[in-house]
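S.K.: Protein chains in written order, with my numbering: chain A, 1 to 196; chain B, 197 to 392.
Number of protein chains: 2
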Amino acid sequence: MPRSSQTTKAQILAAAKERFSTLGYDGASTRDIAEASGCAQSLLLYHFSSKELLWQAMMDDLFSKARSAVAPHLVASTEPAMAQLMAGVRGFVAFCAADADLHRLMVQEGRADTGRLKWLVETHLRATHDQITALIAQAQADGAARPGHPTLIYYAIISLAATIFSLSPEIDRLAPDMGLDRAAEVVAIIENFLAD
Amino acid sequence: MPRSSQTTKAQILAAAKERFSTLGYDGASTRDIAEASGCAQSLLLYHFSSKELLWQAMMDDLFSKARSAVAPHLVASTEPAMAQLMAGVRGFVAFCAADADLHRLMVQEGRADTGRLKWLVETHLRATHDQITALIAQAQADGAARPGHPTLIYYAIISLAATIFSLSPEIDRLAPDMGLDRAAEVVAIIENFLAD
DNA sequence: ATCGTAACTGATCGTTTGATCAGTTATGCC
DNA sequence: GGCATAACTGATCAAACGATCAGTTACGAT
């Protein structure tokens, strides 16, 4: 019984995000993803052609959502660079708290120099990296942000913002008493870290 | 031609660390690991019984090395907690800079609540976590360290110390101009972050 | 020297993987 | 109402997986 193509694709993408982020690219199987989204494995390949193209479509979808959480705070603002930066950080932390899968996926792919990493850097990472590091450099020139290579600062922010949420199974096992409202404290940590 | 059992095992463990850390548990195959260490796949299983026990043996080996890089700075010191902490941080950063695989492996396993994660927490993580968070709490009581849940501070330190090195393929692609002596700057970042 | 045992290999088992394809069902258009 | 087409399924492929096992090699103790 054919449904809307968009509905089926969205269900497959959601299942793919869950499986790829927890099991890794090789660990996740297209049969498993198809079963979790309630369709035959062959339908998954009918819509996305191959496992790798499904992975790319899932990444496109995820980065599109991440950009809409961060970008509005950055564009064409008249505020100082540091204020723009912190507004973007708040949006990014909120996104990571709500969906830890993006950072899990990025860490999985960022450790080996594969074809998938090259695709990720050229398609999604480069533009954001260049934009944010320019903002960091401006904030440093204003005397508002701490010194250091902007790329290093950039990755320090990302790791502080995302690691707590992406390692939550491990952290929950070690410190079950820790509260669940970690986002506010994470923002405070980054603000304190960024300040000169 | 039988070699020493210890030599063969060490070669297999080194190859396993490289494959598991870059491809993930499912992505790495015992055939690949055996080929990289120059022996038959059946010999690998002869020495380690199964893929999962090989993975555990590799983790035991790696944590043993990590502990010898950090522990000497912590035990039975008469210095204040903050000074002990920073000494341990310097040892840990140096270890991460020399061998980024441990953190890669930890991030891979820390995101899904599998049997392997449970084994990791109980066998290797719990003791270190309890020891370091107690030190953090003491440094906070001394008024030397910033406030916040010690486990949150603990994971902030770990992510700051390790992420830069474990994501080096991605970072090298984005900012090839960045220097290679990142360890000193990372230590400075953590020291600044920890201070009250 | 020889004998027991640890180290090691090659062949092979049953499963699971990504992928292909012929065939079936339902929807939207004229 | 028929009809082209998009949506979808089940069967099946070759390849790779973890694992088992019978058989071979070489070292070390007696």
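Glycine included, every Cβ here is placed at the ideal spot set by N, Cα and C.
None of these values were measured; they are calculated from a predicted model.
Determine the extent of the alpha helix (DSSP H) in which residue 292 (chain B) is found, giving its start and end residues.
M.R.: For the purposes of this step, residue 292 (chain B) is taken as residue 96 along the second sequence, with counting starting at 1. Per DSSP, residue 292 (chain B) belongs to the alpha helix (DSSP H) from 277-294.
S.K.: Go to residue 115 (chain A), then tell me how far its alpha helix (DSSP H) extends in each direction, as first and last residue.
M.R.: Counting from one through the first sequence, the residue named residue 115 (chain A) turns up at place 115. From DSSP, the alpha helix (DSSP H) with residue 115 (chain A) extends over 115-120.
S.K.: Can you check whether the C-beta of residue 27 (chain A) is within less than 8 Å of a C-beta belonging to chain B?
M.R.: Translated into positions along the first sequence, residue 27 (chain A) becomes position 27. Yes, its Cβ sits closer than 8 Å to a Cβ of chain B.
S.K.: If you run the structure through DSSP and keep just helix, strand and coil, what is residue 337 (chain B)?
M.R.: Sequence index remark: in the second sequence, residue 337 (chain B) carries index 141 (1-based). Reduced to three states, the DSSP call for residue 337 (chain B) is helix.
S.K.: Are there 16 or more other CB atoms within 10 angstroms of the CB of residue 275 (chain B), so buried, or fewer, so exposed?
M.R.: Reading the second sequence from its first residue, position 79 is the one you call residue 275 (chain B). When all chains shown are included, residue 275 (chain B) counts as exposed.
S.K.: Given this structure, state the Cα-to-Cα distance separating residue 44 (chain A) from residue 66 (chain A), to the nearest angstrom.
M.R.: The count along the first sequence starts at 1 and reaches residue 44 (chain A) at position 44. The count along the first sequence starts at 1 and reaches residue 66 (chain A) at position 66. Residue 44 (chain A) and residue 66 (chain A): Cα-Cα distance of roughly 24 Å.
S.K.: Which of the three DSSP states, helix, strand or coil, is assigned to residue 162 (chain A)?
M.R.: Residue numbering aside, residue 162 (chain A) sits at position 162 when the first sequence is read from its first letter. DSSP places residue 162 (chain A) in helix when its eight states are reduced to three.
S.K.: For the structure I just gave you, are there three or more beta carbon pairs, one from the segment 146-154 of chain A and one from the segment 90-103 of chain A, closer than 8 Å?
M.R.: Short answer: they don't touch.
S.K.: To the nearest angstrom, how far is it from the Cα of residue 227 (chain B) to the Cα of residue 214 (chain B)?
M.R.: As a working mapping, residue 227 (chain B) is identified with position 31 in the second sequence. As a working mapping, residue 214 (chain B) is identified with position 18 in the second sequence. Rounded to whole angstroms, residue 227 (chain B) to residue 214 (chain B) spans 14 Å at the Cα level.
S.K.: Are there 16 or more other CB atoms within 10 angstroms of the CB of residue 23 (chain A), so buried, or fewer, so exposed?
M.R.: Taking the first sequence and counting its residues from 1, one reaches residue 23 (chain A) at position 23. Per the 10 Å Cβ criterion, buried.
S.K.: Counting contacts by CB-CB distance shorter than 8 Å, is residue 309 (chain B) in contact with chain A?
M.R.: If you number the second sequence from 1, residue 309 (chain B) lands on position 113. Answer yes: the Cβ-Cβ gap between residue 309 (chain B) and chain A drops below 8 Å somewhere.
S.K.: Go ahead and label residue 182 (chain A) buried or exposed: buried means 16 or more other beta carbons lie within 10 angstroms of its beta carbon, across all protein chains shown.
M.R.: Indexing the first sequence from 1 puts residue 182 (chain A) at position 182. The residue is buried, with at least 16 neighbouring Cβ atoms inside 10 Å.
S.K.: Between which residues of its own chain and residue 189 (chain A) is the CB-CB distance below 7 Å, once the five residues before and five after are set aside?
M.R.: Numbered from 1 along the first sequence, position 189 holds the residue referred to as residue 189 (chain A). Only 160 meet the Cβ criterion.
S.K.: Thinking C-beta only, is residue 266 (chain B) closer than 8 Å to residue 234 (chain B)?
M.R.: Along the second sequence, one-based indexing puts residue 234 (chain B) at 38. Along the second sequence, one-based indexing puts residue 266 (chain B) at 70. No, the Cβ-Cβ distance between residue 234 (chain B) and residue 266 (chain B) is not below 8 Å.
S.K.: Can you list the residues of chain A that residue 250 (chain B) reaches, using a CB-CB cut of under 7 Å?
M.R.: Walking along the second sequence from the start, residue 250 (chain B) turns up at place 54. Within chain A, no residue comes near residue 250 (chain B); the closest Cβ sits about 17 Å away, beyond 7 Å.
S.K.: Compare the Cα-Cα distances from residue 164 (chain A) to each of B:257, B:224, B:306 and B:271 and report the closest residue.
M.R.: Working through the first sequence from its first residue, we reach residue 164 (chain A) at position 164. Out of B:257, B:224, B:306 and B:271, B:306 has the C-alpha closest to the C-alpha of residue 164 (chain A).
S.K.: Within the 8 Å Cβ cut-off, does residue 59 (chain A) reach chain B?
M.R.: Along the first sequence, read from residue 1 onward, the residue named residue 59 (chain A) stands at position 59. No, residue 59 (chain A) lies away from the interface with chain B (no Cβ there is under 8 Å from its Cβ).
S.K.: Along the alpha helix (DSSP H) that carries residue 169 (chain A), what are the first and last residues, could you check?
M.R.: Counting from 1 along the first sequence, the entry for residue 169 (chain A) is found at position 169. Its alpha helix (DSSP H) spans residues 168-174.
S.K.: Could you list which residues in chain A have their beta carbon closer than 7 Å to that of residue 237 (chain B), in chain order?
M.R.: Taking the second sequence and counting its residues from 1, one reaches residue 237 (chain B) at position 41. Ordered by position in chain A, no residue passes the 7 Å Cβ test against residue 237 (chain B), which lies about 18 Å from the chain.
S.K.: If distances are taken between C-alpha atoms only, which option among A:123, A:144 and A:143 comes closest to residue 370 (chain B)?
M.R.: The sequence position of residue 370 (chain B) within the second sequence is 174, counting from 1. Checked all of A:123, A:144 and A:143; the closest Cα to residue 370 (chain B) is A:123.
S.K.: Compute the Euclidean distance between the alpha carbons of residue 156 (chain A) and residue 75 (chain A), then round it to the nearest angstrom.
M.R.: Stepping through the first sequence from its first residue, residue 156 (chain A) is reached at position 156. Stepping through the first sequence from its first residue, residue 75 (chain A) is reached at position 75. Cα-Cα distance, rounded: 22 Å.
S.K.: Does chain B have any CB closer than 8 Å to the CB of residue 88 (chain A)?
M.R.: On the first sequence, position 88 is the one that residue 88 (chain A) refers to. Using a CB distance cut-off of 8 Å, residue 88 (chain A) does not count as an interface residue toward chain B.
S.K.: For residue 278 (chain B) and residue 340 (chain B), which I take to be in contact (beta-carbon distance under 8 Å), what is that distance rounded to the nearest angstrom?
M.R.: Taking the first residue of the second sequence as 1, we reach residue 278 (chain B) at position 82. Taking the first residue of the second sequence as 1, we reach residue 340 (chain B) at position 144. Residue 278 (chain B) to residue 340 (chain B), Cβ: 4 Å. Contact.
S.K.: Compare the C-beta of residue 332 (chain B) with all C-beta atoms of chain A and state if any pair is closer than 8 Å.
M.R.: Along the second sequence, read from residue 1 onward, the residue named residue 332 (chain B) stands at position 136. No, no contact with chain A.
S.K.: Say whether chain B places a C-beta atom closer than 8 Å to the C-beta of residue 50 (chain A).
M.R.: Looking up residue 50 (chain A) in the first sequence gives position 50. No - not a single Cβ of chain B is within 8 Å of the one on residue 50 (chain A).
S.K.: With 8 Å as the threshold, decide whether the Cβ of residue 365 (chain B) is near any Cβ in chain A.
M.R.: Against the second sequence, residue 365 (chain B) aligns to sequence position 169. Answer yes: the Cβ-Cβ gap between residue 365 (chain B) and chain A drops below 8 Å somewhere.
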